[in-house]
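FYI, the numbering for the sequence shown is 1 to 246, going by full-length UniProt numbering.
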Amino acid sequence: MTELRGKNAFVTGGTRGIGAAIAQKMAEEGANVAFTYYKSQDEAQAIVQEIEAKGVKGLAIPADAMRAENVVQAIQKAVSVFGAIDILINSAGIFELKSITESTLEDYERTESVNVKAVFAATMEAVKSMPGGGRIITIGSVNADLMPFPGCSLYAMSKAAVKMMTQSWARDLGDRKITANVIQPGPINTDMNPADGPFGEALTAMTAIKRYGKSEEVAELAAFLASPKASNITGSAINIDGGMTI
C-alpha cells in the first residue's frame with residue numbers, strides 16, 4: 001500500500017518496540033522515515049537499510065531524549081534532509097516503577113524530561129515547517145486514565161500530561177488542518193513490558209481478549225491516523241488495549 005507516498009515521517013525512539021514497528025509501517029505505506037535512536041548506531045543503520053529496501057528514504061539521528069535540545073536538533077536535521085515533516089510520531093518513552101515512598105526528584109525529572117518535555121520539544125519544532133494537513137501522533141498509555149498497580153505515579157503523570165498536550169494541539173493547529181491524536185496502548189509485548197514478564201499474567205487477565213497486544217497492531221493504527229482517511233479525526237485519545245479499560 002502507498003497511502004503515505006511522498007510524505008515525510010519522523011519517529012522518536014524508532015529502534016525499539018512500538019517506535020520501530022511504526023517506522024517500518026510508515027515506510028511500507030510509502031513515507032520517507034527519519035527516526036531517533038539513543039544507543040546502537042549499528043542497530044539504527046540496519047533499520048535504515050530495511051526502510052530503504054522498501055523504496056523510500058531512511059535517516060537515523062542520534063538523540064538523547066533527556067535533553068530537549070537534542071530532540072530539537074534532530075527535528076532540524078530531518079527537515080534539512082527531507083524538507084518539512086508531514087507526520088510526527090512521538091514514541092520515545094521510559095517507565096519508572098516506584099511508589100511515592102521510594103521515588104526521588106531525580107526520578108520525577110527523568111520521567112518528565114523524556115516522556116513530556118521531549119514530546120513538547122519535538123512537536124514545537126516540527127510544526128514550524130509542518131504543512132497543512134499534517135499529522136501529530138503521540139504514543140500515550142491507558143495509564144493516563146487507569147491505574148491497575150501501585151508504583152506507577154510517575155509514568156501515569158507523564159502519560160496524562162501528553163494526552164492533554166496533544167488534545168490541546170488539536171485546537172491550536174486545527175486552522176491549519178493539522179490533526180493531533182493520542183494512541184493509548186494497554187499491555188503490548190515489548191522489551192519494556194514483555195508478555196512473559198513479571199506483570200504479564202496479571203495484565204493479560206485484565207484484558208477482555210486475554211492476550212497482550214503487538215507493536216505491529218499499534219503501528220497499523222498509527223498508519224491509519226497518518227493517512228488521508230483520518231482527516232476528520234483529531235483531539236482523540238484512542239485505546240488499543242484488548243478491552244482492558246471497559
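Positions of the beta carbon are idealized from the N, C-alpha and C atoms, including for glycine.
Because the structure is a prediction, the values reported are computed rather than measured.
- In the displayed model, Gly-213 falls within a strand according to three-state DSSP.
- Out of Asn-143, Ala-226, Ile-188, Ala-223, the CA that lies nearest to the CA of Arg-211 is found in Ile-188.
- Shown here for Met-192: same chain residues with a beta carbon closer than 7 Å to its own, the five before and five after excluded, namely Gly-17, Phe-95 in chain order.
- For Ala-156, the enclosing alpha helix (DSSP H) covers residues 153-173.
- Excluding sequence positions up to five before and after Ser-158, its CB lies within less than 7 Å of the CB of Thr-111, Glu-112, Asn-115, Val-116, all in the same chain and listed in chain order.
- Rounded to the nearest angstrom, the gap between the Cα atoms of Ala-78 and Ala-9 is 9 Å.
- By the C-beta density criterion, Asp-241 is buried, having at least 16 other C-beta atoms within 10 angstroms.
- In this structure the region 82-102 touches the region 122-132; the number of beta carbon pairs closer than 8 Å is three or more.
- DSSP, reduced to helix, strand and coil, places Val-33 within a strand of the structure shown.
- Taking C-alpha positions only, Arg-5 is separated from Thr-104 by approximately 46 Å.
- Per DSSP, the continuous beta strand (DSSP E) segment holding Leu-88 begins and ends at 87-90.
- When C-alpha distances from Asp-64 are compared across Leu-97, Val-72, Glu-29, the shortest belongs to Val-72.
- The region 161-168 makes no contact with the region 212-224, as fewer than three CB pairs between them are under 8 Å.
- Residue pairing of Ile-139 in beta bridges, as defined by DSSP: Ile-183.
- Membership of Val-11 in the beta strand (DSSP E) is indicated by the continuous run 8-11.
- One thing to note: Val-142 has its Cβ within 9 Å of the Cβ of Asn-239.
- The residue among Thr-138, Leu-203, Pro-131 with its C-alpha nearest the C-alpha of Phe-149 is Leu-203.
- Looking at the DSSP output, Pro-62 bridges to Tyr-37.
- Between Glu-3 and Lys-177, the CB-CB gap reaches or exceeds 9 Å.
- Rounded to whole angstroms, the gap between the alpha carbons of Val-218 and Ile-183 is 8 Å.
- A Cβ-Cβ contact shorter than 9 Å links Leu-173 with Gly-134.
- Using a Cβ distance threshold of 9 Å, Gly-30 and Val-56 count as a contacting pair.
- For Ala-20, the uninterrupted alpha helix (DSSP H) run begins and ends at 17-28, by DSSP.
- Under the three-state reduction of DSSP, Ala-237 is assigned to strand.
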